[in-house]
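Asker: Here my numbering is used: the first residue of the sequence shown is 441, the next is one more, and so on. Ideal Cβ placement from N, Cα and C applies to all residues, glycine included. The structure that follows is given in the form of C-alpha coordinates.
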Amino acid sequence: MTKETSAQIYLDEIKDKLYGDSTVAKIWGVASPALSQQEPPTGFPNYAPDGKYVLDDADYWTSGFFPGSVYALLERSKNYPDFFPKSKIHEVKLEYAARWWAEPMAARATTTTTHDLGFMIAPAFKREWVLTNSKKSEEILITAANSLASRFDEKVGCIRSWDDLPPIKKDQKPKDINKDFLVIIDNMCNLNLLYLGAYLSRDFRLSTIATKHAETTLKNHFRDDWSSYHVVQYNKQTGEVDSKYTAQGFADESGWTRGQAWGILGYIETYFWTKDRKFLEASKNIANYYVSKLPEDGVPPWDFNAPDKHIRDVSSAMAAALGMIRIYEVEKDEEFLKKGLKLVRDCINLSYNNDAKLNDDGTVEIGAAETILNNSTYIHNPACSVDIYDHGLVYADYYFLVIGNKLLQLGLYK
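What follows is the structure in C-alpha coordinates.
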(Lines of atoms letter the chains of each structure in order from A; the text may use other names.)
(Lines give C-alpha, C1' and ligand atoms only; values in the text may rest on other atoms or scores of the structure.)
Protein backbone atom coordinates (compact mmCIF):
# COMPACT_ATOMS: atom_id res chain seq x y z
CA MET A 441 0.00 0.00 0.00
CA THR A 442 1.47 3.35 -1.02
CA LYS A 443 1.56 6.36 1.23
CA GLU A 444 -0.85 8.13 -1.13
CA THR A 445 -3.36 5.27 -0.93
CA SER A 446 -3.13 5.15 2.85
CA ALA A 447 -3.88 8.87 3.25
CA GLN A 448 -6.74 8.55 0.78
CA ILE A 449 -8.29 5.74 2.81
CA TYR A 450 -8.39 7.98 5.89
CA LEU A 451 -9.84 10.83 3.83
CA ASP A 452 -12.57 8.54 2.52
CA GLU A 453 -13.36 7.22 6.00
CA ILE A 454 -13.88 10.64 7.61
CA LYS A 455 -15.51 12.57 4.76
CA ASP A 456 -19.15 11.87 5.60
CA LYS A 457 -18.70 12.89 9.23
CA LEU A 458 -16.67 16.02 8.48
CA TYR A 459 -19.25 17.40 6.06
CA GLY A 460 -22.44 15.57 6.97
CA ASP A 461 -25.70 17.20 7.98
CA SER A 462 -25.37 15.98 11.58
CA THR A 463 -22.15 17.99 12.00
CA VAL A 464 -23.79 21.16 10.69
CA ALA A 465 -26.95 20.50 12.68
CA LYS A 466 -25.11 20.36 16.01
CA ILE A 467 -23.75 23.89 15.48
CA TRP A 468 -26.87 25.32 13.88
CA GLY A 469 -29.11 23.77 16.51
CA VAL A 470 -27.28 25.71 19.23
CA ALA A 471 -26.75 28.89 17.19
CA SER A 472 -30.10 29.48 15.52
CA PRO A 473 -32.36 29.94 18.59
CA ALA A 474 -30.43 33.14 19.42
CA LEU A 475 -31.71 34.72 16.21
CA SER A 476 -35.16 35.18 17.72
CA GLN A 477 -33.78 37.18 20.66
CA GLN A 478 -33.80 40.98 20.87
CA GLU A 479 -30.18 41.14 22.06
CA PRO A 480 -27.07 39.16 21.08
CA PRO A 481 -26.18 36.10 23.18
CA THR A 482 -24.78 36.62 26.66
CA GLY A 483 -23.99 32.96 27.35
CA PHE A 484 -21.39 31.10 25.29
CA PRO A 485 -21.05 27.30 25.01
CA ASN A 486 -18.16 25.77 26.95
CA TYR A 487 -18.39 22.12 28.02
CA ALA A 488 -21.38 19.80 27.86
CA PRO A 489 -21.86 17.34 30.73
CA ASP A 490 -24.73 14.99 29.93
CA GLY A 491 -24.82 16.47 26.44
CA LYS A 492 -26.10 19.98 27.22
CA TYR A 493 -23.79 22.98 27.14
CA VAL A 494 -22.79 24.90 30.24
CA LEU A 495 -22.68 28.56 29.22
CA ASP A 496 -20.10 31.14 30.27
CA ASP A 497 -20.07 34.88 29.74
CA ALA A 498 -18.10 36.66 27.05
CA ASP A 499 -15.14 37.30 29.36
CA TYR A 500 -14.33 33.60 29.68
CA TRP A 501 -11.43 32.25 27.62
CA THR A 502 -13.51 29.73 25.67
CA SER A 503 -16.15 32.25 24.60
CA GLY A 504 -14.71 32.86 21.13
CA PHE A 505 -14.86 29.27 19.94
CA PHE A 506 -18.59 29.00 19.32
CA PRO A 507 -18.81 32.24 17.31
CA GLY A 508 -15.77 30.90 15.47
CA SER A 509 -17.61 27.66 14.78
CA VAL A 510 -20.52 29.51 13.20
CA TYR A 511 -18.04 31.49 11.11
CA ALA A 512 -16.33 28.23 10.09
CA LEU A 513 -19.67 27.07 8.68
CA LEU A 514 -20.06 30.40 6.88
CA GLU A 515 -16.57 30.01 5.45
CA ARG A 516 -17.53 26.54 4.19
CA SER A 517 -20.80 27.78 2.70
CA LYS A 518 -19.10 30.63 0.83
CA ASN A 519 -15.87 28.95 -0.28
CA TYR A 520 -16.85 25.28 -0.57
CA PRO A 521 -20.58 25.23 -1.35
CA ASP A 522 -20.50 21.63 -2.58
CA PHE A 523 -19.69 20.60 0.99
CA PHE A 524 -22.43 22.56 2.73
CA PRO A 525 -26.23 22.06 2.77
CA LYS A 526 -27.01 25.48 1.26
CA SER A 527 -30.55 24.45 0.35
CA LYS A 528 -31.33 23.99 4.06
CA ILE A 529 -29.55 27.00 5.62
CA HIS A 530 -29.64 30.23 3.62
CA GLU A 531 -26.25 31.91 3.53
CA VAL A 532 -27.67 35.32 4.49
CA LYS A 533 -29.20 33.81 7.63
CA LEU A 534 -25.95 32.00 8.44
CA GLU A 535 -23.95 35.21 8.03
CA TYR A 536 -26.36 37.06 10.30
CA ALA A 537 -26.02 34.32 12.93
CA ALA A 538 -22.21 34.48 12.77
CA ARG A 539 -22.22 38.24 13.33
CA TRP A 540 -24.89 38.00 16.04
CA TRP A 541 -22.82 35.52 18.04
CA ALA A 542 -19.57 37.44 17.49
CA GLU A 543 -20.91 40.89 18.37
CA PRO A 544 -20.47 40.61 22.18
CA MET A 545 -16.86 39.53 21.69
CA ALA A 546 -15.77 42.77 20.02
CA ALA A 547 -15.63 44.65 23.33
CA ARG A 548 -13.17 42.07 24.68
CA ALA A 549 -10.49 43.30 22.28
CA THR A 550 -9.43 45.96 24.81
CA THR A 551 -8.99 43.44 27.64
CA THR A 552 -5.47 43.40 29.07
CA THR A 553 -6.03 40.98 31.96
CA THR A 554 -5.81 37.76 29.91
CA HIS A 555 -3.47 36.05 27.47
CA ASP A 556 -6.40 34.25 25.82
CA LEU A 557 -7.31 37.00 23.35
CA GLY A 558 -6.23 34.82 20.45
CA PHE A 559 -8.79 32.22 21.45
CA MET A 560 -11.44 34.85 22.21
CA ILE A 561 -11.10 37.13 19.19
CA ALA A 562 -9.45 35.39 16.23
CA PRO A 563 -11.85 32.47 15.57
CA ALA A 564 -14.66 34.83 14.52
CA PHE A 565 -13.06 38.12 13.55
CA LYS A 566 -10.18 36.74 11.49
CA ARG A 567 -12.71 34.81 9.40
CA GLU A 568 -14.95 37.85 9.04
CA TRP A 569 -11.97 39.88 7.88
CA VAL A 570 -10.89 37.20 5.38
CA LEU A 571 -14.40 36.64 4.05
CA THR A 572 -15.60 40.26 3.85
CA ASN A 573 -12.51 42.49 4.15
CA SER A 574 -14.33 44.13 7.05
CA LYS A 575 -12.55 47.24 8.32
CA LYS A 576 -14.29 46.82 11.67
CA SER A 577 -12.92 43.30 12.09
CA GLU A 578 -9.46 44.50 11.09
CA GLU A 579 -9.58 47.15 13.80
CA ILE A 580 -10.79 44.62 16.39
CA LEU A 581 -7.92 42.26 15.52
CA ILE A 582 -5.32 45.04 15.75
CA THR A 583 -6.74 46.29 19.05
CA ALA A 584 -6.73 42.78 20.51
CA ALA A 585 -3.16 42.18 19.36
CA ASN A 586 -2.01 45.34 21.12
CA SER A 587 -3.91 44.36 24.26
CA LEU A 588 -2.17 40.98 24.25
CA ALA A 589 1.21 42.60 23.64
CA SER A 590 0.74 44.73 26.76
CA ARG A 591 1.32 41.57 28.82
CA PHE A 592 4.83 41.06 27.43
CA ASP A 593 7.79 41.42 29.78
CA GLU A 594 11.15 42.23 28.19
CA LYS A 595 13.22 40.72 30.99
CA VAL A 596 11.35 37.43 31.00
CA GLY A 597 10.95 37.36 27.23
CA CYS A 598 7.36 36.14 27.41
CA ILE A 599 3.75 37.23 27.57
CA ARG A 600 2.30 36.71 31.03
CA SER A 601 -0.37 34.01 30.87
CA TRP A 602 -2.01 34.24 34.27
CA ASP A 603 -1.79 36.94 36.92
CA ASP A 604 -2.44 34.16 39.43
CA LEU A 605 -3.21 30.47 39.30
CA PRO A 606 -6.89 29.81 38.63
CA PRO A 607 -8.71 28.97 41.87
CA ILE A 608 -8.90 25.24 41.24
CA LYS A 609 -6.22 23.61 43.36
CA LYS A 610 -6.82 22.57 46.95
CA ASP A 611 -4.85 24.59 49.53
CA GLN A 612 -3.59 26.90 46.80
CA LYS A 613 -1.52 29.90 47.87
CA PRO A 614 -1.84 33.14 45.88
CA LYS A 615 1.03 34.24 43.67
CA ASP A 616 2.87 37.55 44.03
CA ILE A 617 2.16 39.46 40.82
CA ASN A 618 5.28 41.59 41.32
CA LYS A 619 7.54 38.53 41.46
CA ASP A 620 5.79 35.46 40.02
CA PHE A 621 5.43 35.50 36.23
CA LEU A 622 3.38 32.54 34.99
CA VAL A 623 3.57 31.25 31.42
CA ILE A 624 1.53 28.28 30.20
CA ILE A 625 2.06 26.28 27.02
CA ASP A 626 -1.46 27.21 25.85
CA ASN A 627 -0.13 30.71 25.14
CA MET A 628 1.60 29.42 22.00
CA CYS A 629 -1.81 29.33 20.29
CA ASN A 630 -2.42 33.02 21.01
CA LEU A 631 0.68 34.20 19.14
CA ASN A 632 -1.11 33.95 15.81
CA LEU A 633 -3.10 37.03 16.83
CA LEU A 634 0.09 39.04 17.31
CA TYR A 635 1.46 38.07 13.90
CA LEU A 636 -1.85 38.89 12.26
CA GLY A 637 -1.98 42.21 14.10
CA ALA A 638 1.52 43.03 12.87
CA TYR A 639 0.54 42.17 9.31
CA LEU A 640 -2.58 44.32 9.41
CA SER A 641 -1.08 47.32 11.20
CA ARG A 642 2.53 47.08 9.94
CA ASP A 643 3.56 47.42 13.58
CA PHE A 644 6.27 44.77 13.68
CA ARG A 645 6.79 45.26 17.38
CA LEU A 646 3.87 42.82 17.69
CA SER A 647 5.53 40.08 15.65
CA THR A 648 8.84 40.63 17.47
CA ILE A 649 7.06 40.00 20.78
CA ALA A 650 5.43 36.85 19.40
CA THR A 651 8.72 35.44 18.14
CA LYS A 652 10.52 36.21 21.39
CA HIS A 653 7.78 34.44 23.36
CA ALA A 654 8.05 31.39 21.07
CA GLU A 655 11.83 31.29 21.49
CA THR A 656 11.70 31.61 25.28
CA THR A 657 9.02 28.92 25.50
CA LEU A 658 11.05 26.63 23.25
CA LYS A 659 14.02 27.06 25.58
CA ASN A 660 12.22 26.47 28.87
CA HIS A 661 8.98 24.52 28.42
CA PHE A 662 10.19 21.28 26.86
CA ARG A 663 11.83 18.17 28.25
CA ASP A 664 14.41 16.07 26.41
CA ASP A 665 11.69 13.84 24.92
CA TRP A 666 9.77 16.90 23.61
CA SER A 667 6.99 16.59 26.14
CA SER A 668 5.96 19.93 27.61
CA TYR A 669 5.49 21.34 31.06
CA HIS A 670 2.16 23.07 31.55
CA VAL A 671 3.34 26.04 33.64
CA VAL A 672 6.76 27.68 33.78
CA GLN A 673 7.00 30.21 36.59
CA TYR A 674 9.60 32.92 36.03
CA ASN A 675 10.99 35.44 38.48
CA LYS A 676 9.76 38.74 37.08
CA GLN A 677 12.60 40.63 38.71
CA THR A 678 15.43 38.50 37.28
CA GLY A 679 13.82 36.83 34.26
CA GLU A 680 15.05 33.43 35.46
CA VAL A 681 12.96 30.26 35.76
CA ASP A 682 11.77 29.66 39.32
CA SER A 683 9.81 26.44 38.87
CA LYS A 684 7.95 24.20 36.43
CA TYR A 685 4.71 22.42 37.24
CA THR A 686 1.17 21.60 36.14
CA ALA A 687 -2.20 23.15 36.85
CA GLN A 688 -4.39 20.89 34.73
CA GLY A 689 -2.31 17.78 34.06
CA PHE A 690 -1.86 14.67 36.19
CA ALA A 691 1.49 15.66 37.72
CA ASP A 692 4.22 18.25 37.40
CA GLU A 693 6.38 15.94 35.26
CA SER A 694 3.57 14.35 33.23
CA GLY A 695 2.53 14.88 29.63
CA TRP A 696 -0.83 16.64 29.79
CA THR A 697 -2.11 15.88 26.32
CA ARG A 698 -3.87 19.16 25.56
CA GLY A 699 -0.70 21.01 26.46
CA GLN A 700 1.22 18.95 23.93
CA ALA A 701 -1.43 19.77 21.31
CA TRP A 702 -1.12 23.50 21.99
CA GLY A 703 2.59 23.15 21.36
CA ILE A 704 2.16 21.31 18.04
CA LEU A 705 -0.35 23.81 16.70
CA GLY A 706 1.27 26.91 18.16
CA TYR A 707 4.71 26.19 16.72
CA ILE A 708 3.51 25.32 13.23
CA GLU A 709 1.48 28.55 13.19
CA THR A 710 4.57 30.44 14.34
CA TYR A 711 6.55 28.86 11.51
CA PHE A 712 3.96 30.00 8.99
CA TRP A 713 4.67 33.62 9.92
CA THR A 714 8.41 33.49 10.59
CA LYS A 715 9.65 30.74 8.23
CA ASP A 716 12.19 29.94 10.95
CA ARG A 717 12.78 26.20 10.70
CA LYS A 718 13.47 25.76 14.39
CA PHE A 719 9.77 26.34 14.98
CA LEU A 720 8.79 23.84 12.29
CA GLU A 721 11.14 21.24 13.76
CA ALA A 722 9.72 21.89 17.23
CA SER A 723 6.19 21.27 15.98
CA LYS A 724 7.27 18.06 14.26
CA ASN A 725 9.15 16.82 17.31
CA ILE A 726 6.22 17.47 19.65
CA ALA A 727 3.90 15.77 17.15
CA ASN A 728 6.12 12.70 16.99
CA TYR A 729 6.18 12.51 20.79
CA TYR A 730 2.39 12.83 20.85
CA VAL A 731 1.78 10.06 18.32
CA SER A 732 4.30 7.75 20.01
CA LYS A 733 2.26 7.86 23.23
CA LEU A 734 -1.17 7.15 21.75
CA PRO A 735 -2.99 3.98 22.88
CA GLU A 736 -3.97 1.17 20.54
CA ASP A 737 -7.31 2.74 19.59
CA GLY A 738 -5.58 6.01 18.69
CA VAL A 739 -7.59 8.31 20.99
CA PRO A 740 -5.41 10.19 23.50
CA PRO A 741 -5.96 9.92 27.23
CA TRP A 742 -6.31 13.20 29.09
CA ASP A 743 -2.69 12.86 30.26
CA PHE A 744 -0.14 10.48 28.77
CA ASN A 745 1.20 9.60 32.22
CA ALA A 746 -2.07 9.33 34.12
CA PRO A 747 -3.12 5.88 35.35
CA ASP A 748 -6.75 6.32 34.23
CA LYS A 749 -6.09 5.89 30.50
CA HIS A 750 -9.79 5.34 29.79
CA ILE A 751 -10.45 9.04 30.42
CA ARG A 752 -9.82 10.70 27.07
CA ASP A 753 -9.37 14.17 25.68
CA VAL A 754 -10.69 14.46 22.15
CA SER A 755 -10.20 18.25 22.26
CA SER A 756 -6.48 17.60 22.52
CA ALA A 757 -6.66 15.27 19.53
CA MET A 758 -8.44 17.81 17.33
CA ALA A 759 -5.93 20.60 18.04
CA ALA A 760 -3.03 18.17 17.54
CA ALA A 761 -4.50 16.79 14.31
CA LEU A 762 -4.92 20.29 12.90
CA GLY A 763 -1.29 20.99 13.74
CA MET A 764 -0.15 17.82 11.97
CA ILE A 765 -2.21 18.62 8.88
CA ARG A 766 -0.64 22.07 8.82
CA ILE A 767 2.82 20.48 9.02
CA TYR A 768 1.82 18.58 5.88
CA GLU A 769 0.68 21.87 4.34
CA VAL A 770 4.22 23.20 4.72
CA GLU A 771 6.35 20.12 4.13
CA LYS A 772 4.09 18.01 1.89
CA ASP A 773 5.26 15.16 4.11
CA GLU A 774 2.42 12.70 3.82
CA GLU A 775 3.42 10.94 7.02
CA PHE A 776 2.17 13.94 9.00
CA LEU A 777 -1.00 14.09 6.92
CA LYS A 778 -1.65 10.44 7.72
CA LYS A 779 -0.97 10.99 11.41
CA GLY A 780 -3.43 13.86 11.55
CA LEU A 781 -6.11 12.08 9.53
CA LYS A 782 -5.78 8.88 11.55
CA LEU A 783 -6.22 10.88 14.75
CA VAL A 784 -9.44 12.37 13.37
CA ARG A 785 -10.66 8.96 12.16
CA ASP A 786 -10.00 7.28 15.50
CA CYS A 787 -11.77 10.04 17.43
CA ILE A 788 -14.76 9.85 15.09
CA ASN A 789 -14.96 6.11 15.71
CA LEU A 790 -15.12 6.64 19.48
CA SER A 791 -16.74 10.01 19.96
CA TYR A 792 -18.82 11.27 17.03
CA ASN A 793 -22.48 12.05 17.77
CA ASN A 794 -24.29 11.05 14.59
CA ASP A 795 -27.81 11.67 15.85
CA ALA A 796 -28.71 15.20 14.74
CA LYS A 797 -31.03 15.91 11.82
CA LEU A 798 -31.06 19.04 9.68
CA ASN A 799 -34.51 19.38 8.16
CA ASP A 800 -35.18 20.85 4.73
CA ASP A 801 -36.53 24.07 6.28
CA GLY A 802 -33.38 24.59 8.38
CA THR A 803 -34.89 23.43 11.65
CA VAL A 804 -32.86 21.00 13.72
CA GLU A 805 -33.53 17.86 15.70
CA ILE A 806 -30.33 18.04 17.71
CA GLY A 807 -30.29 14.58 19.27
CA ALA A 808 -29.03 13.51 22.68
CA ALA A 809 -26.01 15.84 22.77
CA GLU A 810 -25.45 19.41 21.62
CA THR A 811 -21.84 18.71 20.66
CA ILE A 812 -20.39 17.04 17.58
CA LEU A 813 -17.86 15.07 19.64
CA ASN A 814 -17.84 13.47 23.09
CA ASN A 815 -15.00 12.32 25.35
CA SER A 816 -13.09 15.51 26.11
CA THR A 817 -11.62 16.43 29.49
CA TYR A 818 -11.83 19.97 30.80
CA ILE A 819 -9.80 19.28 33.96
CA HIS A 820 -8.99 16.10 35.88
CA ASN A 821 -5.95 16.99 37.99
CA PRO A 822 -6.31 14.93 41.20
CA ALA A 823 -5.04 17.90 43.24
CA CYS A 824 -7.88 20.11 42.03
CA SER A 825 -11.22 20.79 43.62
CA VAL A 826 -12.78 20.87 40.13
CA ASP A 827 -13.15 17.58 38.24
CA ILE A 828 -14.81 17.78 34.83
CA TYR A 829 -14.22 15.01 32.30
CA ASP A 830 -15.84 12.77 29.68
CA HIS A 831 -18.02 15.38 27.98
CA GLY A 832 -18.38 17.41 24.82
CA LEU A 833 -16.29 20.58 24.58
CA VAL A 834 -16.71 23.62 22.37
CA TYR A 835 -13.15 23.79 21.12
CA ALA A 836 -13.08 20.10 20.20
CA ASP A 837 -15.95 20.84 17.82
CA TYR A 838 -14.34 24.08 16.63
CA TYR A 839 -11.10 22.38 15.62
CA PHE A 840 -13.08 19.55 14.00
CA LEU A 841 -14.76 22.13 11.74
CA VAL A 842 -11.47 23.91 11.04
CA ILE A 843 -9.88 20.60 10.02
CA GLY A 844 -12.71 20.03 7.55
CA ASN A 845 -12.19 23.46 6.00
CA LYS A 846 -8.41 23.07 5.92
CA LEU A 847 -8.65 19.78 4.01
CA LEU A 848 -10.88 21.51 1.45
CA GLN A 849 -8.46 24.43 1.20
CA LEU A 850 -5.62 21.99 0.52
CA GLY A 851 -7.61 20.42 -2.31
CA LEU A 852 -7.73 17.00 -0.67
CA TYR A 853 -11.44 16.68 -1.43
CA LYS A 854 -12.73 17.52 -4.89
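State the beta-bridge partners of ARG752 as determined by DSSP.
Answerer: As a position in the sequence shown, residue 752 is number 312, starting the count at 1. PRO741.
Asker: In three-state terms, what does DSSP make of PRO521?
Answerer: Start at 1 with the first residue of the sequence shown, and residue 521 comes out as number 81. In this structure, PRO521 counts as helix in the three-state DSSP scheme.
Asker: Taking the alpha helix (DSSP H) that ILE704 belongs to, which residues open and close that run?
Answerer: Within the sequence shown, residue 704 is the residue found at index 264, counting from 1. Following the DSSP letters along the chain, one finds ILE704 inside the alpha helix (DSSP H) bounded by residues 697-714.
Asker: From this set, HIS820, SER683, ILE708, ILE467, which residue's C-alpha is nearest HIS750's C-alpha?
Answerer: On the sequence shown, residue 750 is found 310 positions in, with the first residue counted as 1. Checking every option, the nearest Cα to that of HIS750 belongs to HIS820.
Asker: If you drop the 5 nearest sequence neighbours on each side, which residues of the same chain put their C-beta closer than 7 Å to that of THR442?
Answerer: Residue 442 sits at position 2 when you count from the first residue of the sequence shown. Note that THR442 scores 43 on pLDDT, short of 50, meaning its location in the model is unreliable and no value can be drawn from it.
Asker: Assuming VAL672 is part of the beta strand (DSSP E), what are its boundary residues?
Answerer: Residue mapping note: residue 672 aligns to position 232 of the sequence shown, counting from 1. Start and end: 671-675.
Asker: Thinking C-beta only, is LEU513 closer than 8 Å to ILE580?
Answerer: Within the sequence shown, numbered from 1, the residue matching residue 580 stands at position 140. Within the sequence shown, numbered from 1, the residue matching residue 513 stands at position 73. In this structure, ILE580 sits away from LEU513, with a CB-CB distance that is not shorter than 8 Å.
Asker: Going by DSSP, name the residue or residues bridged to TYR487.
Answerer: The count along the sequence shown starts at 1 and reaches residue 487 at position 47. According to DSSP, TYR487 bridges with LEU833.
Asker: What residue range is occupied by the uninterrupted beta strand (DSSP E) comprising SER816?
Answerer: Within the sequence shown, residue 816 is the residue found at index 376, counting from 1. SER816 -> beta strand (DSSP E) spans 816-819.
Asker: Give the DSSP-derived three-state secondary structure of TRP666 in the structure shown.
Answerer: If you number the sequence shown from 1, residue 666 lands on position 226. DSSP places TRP666 in coil when its eight states are reduced to three.
Asker: Determine the DSSP secondary structure at MET441, reduced to helix, strand or coil.
Answerer: The residue given as residue 441 occupies position 1 in the sequence shown. Per-residue confidence for MET441 stands at a pLDDT of 37, beneath the threshold of 50, marking its modelled position as unreliable; no derived number is given.
Asker: CB LEU855 to CB GLU531, shorter than 8 Å?
Answerer: Limits of the chain in this structure are 441 at one end and 854 at the other, which puts residue 855 out of reach.
Asker: Three-state secondary structure (DSSP) at ILE812?
Answerer: Residue numbering aside, residue 812 sits at position 372 when the sequence shown is read from its first letter. ILE812 falls in the coil class under three-state DSSP.
Asker: Would you give the residue range spanned by the beta strand (DSSP E) that LEU790 belongs to?
Answerer: Working through the sequence shown from its first residue, we reach residue 790 at position 350. Not the beta strand (DSSP E): LEU790 falls in the alpha helix (DSSP H), residues 774-791.
Asker: Got a sec? Which residues, its chain only, sit under 7 Å from LEU634 by beta carbon, not counting five neighbours each side?
Answerer: Sequence index remark: in the sequence shown, residue 634 carries index 194 (1-based). These residues qualify, in order along the chain: ALA585, LEU588, ALA589, LEU646, SER647, ILE649, ALA650.
Asker: Could you pull out every residue in the same chain whose Cβ sits closer than 6 Å to the Cβ of GLU805, ignoring the five residues on either side in sequence?
Answerer: Start at 1 with the first residue of the sequence shown, and residue 805 comes out as number 365. LYS797, listed in sequence order.
Asker: Please state if the CB of GLY679 and the CB of GLY802 are separated by a distance shorter than 8 Å.
Answerer: Working through the sequence shown from its first residue, we reach residue 802 at position 362. Working through the sequence shown from its first residue, we reach residue 679 at position 239. In this structure, GLY679 does not lie closer than 8 Å to GLY802 by Cβ.
Asker: Taking a contact to mean a Cβ-Cβ separation below 8 Å, would you say SER601 touches ILE582 in this structure?
Answerer: Looking up residue 601 in the sequence shown gives position 161. Looking up residue 582 in the sequence shown gives position 142. No, Cβ-Cβ distance for SER601 and ILE582 is not below 8 Å.
Asker: Is it buried or exposed, SER668, if we count other Cβ atoms within 10 angstroms and call 16 or more buried?
Answerer: Position 228 of the sequence shown, counting from 1, holds the residue named residue 668. By the neighbour-count rule (16 or more Cβ atoms within 10 Å), SER668 is buried.
Asker: Going by DSSP, what residue range makes up the alpha helix (DSSP H) through ILE726?
Answerer: By 1-based counting over the sequence shown, the position of residue 726 is 286. From DSSP, the alpha helix (DSSP H) with ILE726 extends over 717-732.
Asker: Output yes or no for whether 8 Å exceeds the beta carbon distance between GLU699 and HIS653.
Answerer: As a working mapping, residue 699 is identified with position 259 in the sequence shown. As a working mapping, residue 653 is identified with position 213 in the sequence shown. It is Gly, not Glu, that sits at residue 699 in the sequence shown. Result no, Cβ atoms of GLY699 and HIS653 do not sit closer than 8 Å.
Asker: Checking 8 Å against the spacing of the C-beta atoms, do THR714 and ALA488 come in under that value?
Answerer: Taking the first residue of the sequence shown as position 1, residue 714 is located at position 274. Taking the first residue of the sequence shown as position 1, residue 488 is located at position 48. No, they are not a contact pair.
Asker: Go ahead and pull the three-state DSSP assignment for ASP620.
Answerer: Here residue 620 refers to the residue found at position 180 of the sequence shown. Reduced to three states, the DSSP call for ASP620 is strand.
Asker: Distance check for ASN815 and ASP452, CA to CA, integer angstroms please.
Answerer: Position 12 of the sequence shown holds residue 452. Position 375 of the sequence shown holds residue 815. Cα to Cα, the separation comes out at about 23 Å.
Asker: Please report the distance separating the alpha-carbon of ALA836 from that of LYS518.
Answerer: In the sequence shown, the residue the question calls residue 836 occupies position 396. In the sequence shown, the residue the question calls residue 518 occupies position 78. Rounded to whole angstroms, ALA836 to LYS518 spans 23 Å at the Cα level.
Asker: Taking Cβ positions, are PHE524 and PHE506 nearer each other than 8 Å?
Answerer: As a working mapping, residue 524 is identified with position 84 in the sequence shown. As a working mapping, residue 506 is identified with position 66 in the sequence shown. No, the Cβ-Cβ distance between PHE524 and PHE506 is not below 8 Å.
Asker: With which residues is TYR685 paired in a DSSP beta bridge?
Answerer: Along the sequence shown, one-based indexing puts residue 685 at 245. VAL671, per the DSSP bridge assignment.
Asker: Report yes or no: is there a C-beta of chain B within less than 8 Å of the C-beta of ALA701?
Answerer: Absent from the structure is chain B; it holds one protein chain and no more.
Asker: Secondary structure at LEU852, three-state DSSP: helix, strand or coil?
Answerer: In the sequence shown, counting from the first residue as 1, residue 852 sits at position 412. Of the three classes helix, strand and coil, the one that applies to LEU852 here is coil, per DSSP.
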